[in-house]
Amino acid sequence: MFASTDPATIARTVVVGGLLVGLALGIVGQASRFCIRGAIADWVIFRGPARLASWLLAIGVGALCVQGLVSGGMLDATRTIAWSDRLAWLSCAVGGLLFGYGMILSGGCPQRCLVKAGSGSLKALIVLVLVAIAALMTLRGAFAGLRVDYLDAAALPLAGPQDLGGLLSRASGVGAAGLRWALALLIAAGAFAYAWRARQSLDAVHWVGGIGVGLLLGAALFITGHLGFLAEHPETLESAWLGTQSRRPEGLSFSAPMAAALDLLTLWTDRATVLTFGVAVALGVLVGSHISARLRGEFRLESFTTPGELASHSAGALLMGFGGVTALGCSVGNGVTGLALLSAGSVLAVAGIVAGACLALTVQDRHSTARGIGTPMKPAAGR
Numbered sequence: 001m002f003a004s005t006d007p008a009t010i011a012r013t014v015v016v017g018g019l020l021v022g023l024a025l026g027i028v029g030q031a032s033r034f035c036i037r038g039a040i041a042d043w044v045i046f047r048g049p050a051r052l053a054s055w056l057l058a059i060g061v062g063a064l065c066v067q068g069l070v071s072g073g074m075l076d077a078t079r080t081i082a083w084s085d086r087l088a089w090l091s092c093a094v095g096g097l098l099f100g101y102g103m104i105l106s107g108g109c110p111q112r113c114l115v116k117a118g119s120g121s122l123k124a125l126i127v128l129v130l131v132a133i134a135a136l137m138t139l140r141g142a143f144a145g146l147r148v149d150y151l152d153a154a155a156l157p158l159a160g161p162q163d164l165g166g167l168l169s170r171a172s173g174v175g176a177a178g179l180r181w182a183l184a185l186l187i188a189a190g191a192f193a194y195a196w197r198a199r200q201s202l203d204a205v206h207w208v209g210g211i212g213v214g215l216l217l218g219a220a221l222f223i224t225g226h227l228g229f230l231a232e233h234p235e236t237l238e239s240a241w242l243g244t245q246s247r248r249p250e251g252l253s254f255s256a257p258m259a260a261a262l263d264l265l266t267l268w269t270d271r272a273t274v275l276t277f278g279v280a281v282a283l284g285v286l287v288g289s290h291i292s293a294r295l296r297g298e299f300r301l302e303s304f305t306t307p308g309e310l311a312s313h314s315a316g317a318l319l320m321g322f323g324g325v326t327a328l329g330c331s332v333g334n335g336v337t338g339l340a341l342l343s344a345g346s347v348l349a350v351a352g353i354v355a356g357a358c359l360a361l362t363v364q365d366r367h368s369t370a371r372g373i374g375t376p377m378k379p380a381a382g383r
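When we follow our numbering, the leftmost residue of the sequence shown carries the number 1, and every step to the right adds one.
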């Protein structure tokens, strides 16, 4: 808990912390090419292990950070969305599938598009705008009814948190805390073992990228779950988590924050609309990646070359905006934050993301083969 008890001061601290986390994530992401879409594509097409290892390292390090924070009393994970006692299984599966398909069409997930936009990609900038519009429409616009009435309605009520440790504990009678630590250690050990086995294919940036993203997830949860916690809000006399859009502890995620950013930009004079942690992280990623690209001499403007490319990226962006909100997280929100929190919903969402991505890669490959232009994607060296 932050030393101050002034809600405004605590909220500002959380937002500034989010900006710093985003700056670091932007620099790390630009330098290491950390990309979950790329990890899936590299493995499916080339059996390339480098970016997959980086992704697994982020999950493993993040899982250890989560359990460390929980054990240290610095994070009440039961208040996170990932540990909800309501398993939105259909929303996670369908949303993940659509998101995964969309991120292949768009050339990257929102996190990667923020990095690419900061590095000069106008394509990524257009994708981000469309993701924000679709995400906002899914939260409370034209797509919200479909999400709430047909997908969220299928959610299963649980007797407790939906994390894997909690589920196993209720099924076996073994203590949940011990099971959570065991799972986190198993995930981390597996991630490092895989990375070490594939070390000939990994550069230093892949190690730094994966470990760095995992540590930044830990920093995000510490900021929102500990520094942002107020035991007794002076207005409600109840405990509160300040500075976040959800009024809960938050990790790293980019779909809903893109919608919140659009809200902030279009309702700037509305005093009820304020800068929050997730938006600050997204802004930080954009700025951090720009700084890194400039310093590394890798900044360059690029745009669409054909109308078909614009159409493909636009369709993918709309799918990501809808899918990310529906699945309660993007490829980072579910694929790093959610998995590090051992969320069952995130496991379903990530399975959907991987399936959607593989389906899109298969469709792209068939179309490319039919046109006689060969394999549509290149190895991990690209932007």
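For each residue, glycine too, the CB sits at the ideal point set by N, CA and C.
message: According to DSSP, residue 163 sits in a beta bridge with which residue or residues?
response: Translated into positions along the sequence shown, residue 163 becomes position 163. Answer is 343, bridged to residue 163.
query: So, residue 51 versus residue 60, is the Cβ gap smaller than 9 Å?
result: Translated into the one-based positions of the sequence shown, residue 51 becomes position 51. Translated into the one-based positions of the sequence shown, residue 60 becomes position 60. Cβ distance not < 9 Å, so residue 51 and residue 60 don't count as in contact.
query: Buried or exposed: which applies to residue 83, given that a residue is buried once 16 or more other Cβ atoms fall within 10 Å of its Cβ?
result: Taking the first residue of the sequence shown as 1, we reach residue 83 at position 83. By the 10 Å Cβ count, residue 83 comes out buried.
message: I need the DSSP call for residue 378, collapsed to helix, strand or coil.
response: Along the sequence shown, read from residue 1 onward, the residue named residue 378 stands at position 378. Residue placement at residue 378 cannot be trusted, given a pLDDT of 45 that sits under 50; what the coordinates show is reported in the next sentence. In this structure, residue 378 counts as coil in the three-state DSSP scheme.
Local conformation of residue 197 per DSSP, three classes: One-based indexing of the sequence shown puts residue 197 at position 197. If DSSP states are grouped into helix, strand and coil, residue 197 belongs with the helices.
query: Would you call the CB atoms of residue 228 and residue 257 closer than 9 Å?
result: Position 228 of the sequence shown, counted from the start, is the residue given in the question as residue 228. Position 257 of the sequence shown, counted from the start, is the residue given in the question as residue 257. It is not a contact, given that the beta carbons lie outside the stated cut-off.
message: Between residue 97 and residue 155, how many whole angstroms is the CB-CB distance? I'm expecting something under 8 Å.
response: For this step, residue 97 is matched to residue 97 along the sequence shown. For this step, residue 155 is matched to residue 155 along the sequence shown. About 17 Å; that fails the 8 Å criterion.
task: Whole angstroms is fine: what's the gap from residue 53's alpha carbon to residue 109's?
output: Indexing the sequence shown from 1 puts residue 53 at position 53. Indexing the sequence shown from 1 puts residue 109 at position 109. Going by the C-alpha atoms only, they are around 18 Å apart.
query: Which runs of the alpha helix (DSSP H) spanning at least 4 residues fall entirely within the region 32-100, listed in chain order?
result: 36-41 and 50-71
field: Start and end residues, alpha helix (DSSP H) containing residue 111
entry: Position 111 of the sequence shown holds residue 111. Taken as a continuous stretch (DSSP letters only), the alpha helix (DSSP H) holding residue 111 covers 110-118.
- prompt: If you compare alpha carbons, which of 43, 187 and 164 is closest to residue 176?
  reply: As a position in the sequence shown, residue 176 is number 176, starting the count at 1. Nearest of 43, 187 and 164 to residue 176, Cα basis: 164.
- prompt: Among the residues of its own chain, which have a CB less than 6 Å from the CB of residue 251, if the five just before and after it don't count?
  reply: Taking the sequence shown and counting its residues from 1, one reaches residue 251 at position 251. Here the set comprises 217, 220, 221 and 337.
message: Would residue 77 and residue 341 qualify as a contact pair, given that the criterion is a beta-carbon distance under 9 Å?
response: Position 77 of the sequence shown, counted from the first residue, corresponds to residue 77. Position 341 of the sequence shown, counted from the first residue, corresponds to residue 341. Yes, the pair counts as a contact, with Cβ atoms nearer than the cut-off.
query: Per DSSP, what kind of secondary structure is residue 234 in: helix, strand or coil?
result: Indexing the sequence shown from 1 puts residue 234 at position 234. The answer is coil: DSSP assigns residue 234 none of H, G, I, E or B.
- prompt: Of the choices 306, 12, 291 and 307, whose alpha-carbon is the least far from that of residue 300?
  reply: As a working mapping, residue 300 is identified with position 300 in the sequence shown. Checking every option, the nearest Cα to that of residue 300 belongs to 291.
- prompt: Who are the near neighbours of residue 253 in its chain, counting only those whose CB is closer than 7 Å to its CB and skipping five residues on each side?
  reply: Counted from its first residue, the sequence shown places residue 253 at position 253. Within the same chain, residue 253 has close Cβ partners 278, 329, 330, 332, 333 and 337.
task: Kindly list the residues whose CB is nearer than 6 Å to the CB of residue 285, restricted to its own chain and excluding five residues on each side of it in sequence; keep chain order.
output: Reading the sequence shown from its first residue, position 285 is the one you call residue 285. Only 22, 25, 26 and 114 meet the Cβ criterion.
message: Could you compute how far the alpha carbon of residue 34 sits from the alpha carbon of residue 174?
response: As a first step, residue 34 is located in the sequence shown; it is residue number 34 there, counting from the start. As a first step, residue 174 is located in the sequence shown; it is residue number 174 there, counting from the start. Answer to the nearest angstrom: the Cα atoms are 37 Å apart.
- request: Return the CA-CA distance between residue 136 and residue 302, expressed in angstroms with no decimal places.
  value: The residue given as residue 136 occupies position 136 in the sequence shown. The residue given as residue 302 occupies position 302 in the sequence shown. Each residue's alpha carbon lies about 27 Å from the other.
task: In angstroms with no decimal places, state the Cα-to-Cα distance between residue 295 and residue 169.
output: Mapped onto the sequence shown, residue 295 falls at position 295. Mapped onto the sequence shown, residue 169 falls at position 169. If you take the alpha carbons of residue 295 and residue 169, they lie about 49 Å apart.
Residue 415, buried or exposed, once every other Cβ within 10 Å from all chains shown has been counted against 16: In the structure displayed, the chain extends from 1 to 383; residue 415 sits before or after that span and is not available.
- prompt: When you compare only the Cα positions, how much space is there between residue 123 and residue 313?
  reply: As a working note, residue 123 is residue 123 in the sequence shown. As a working note, residue 313 is residue 313 in the sequence shown. For residue 123 and residue 313, the distance between alpha carbons rounds to 8 Å.
field: Rounded separation between residue 243 and residue 281 - CA only
entry: Walking along the sequence shown from the start, residue 243 turns up at place 243. Walking along the sequence shown from the start, residue 281 turns up at place 281. Residue 243 and residue 281: Cα-Cα distance of roughly 12 Å.
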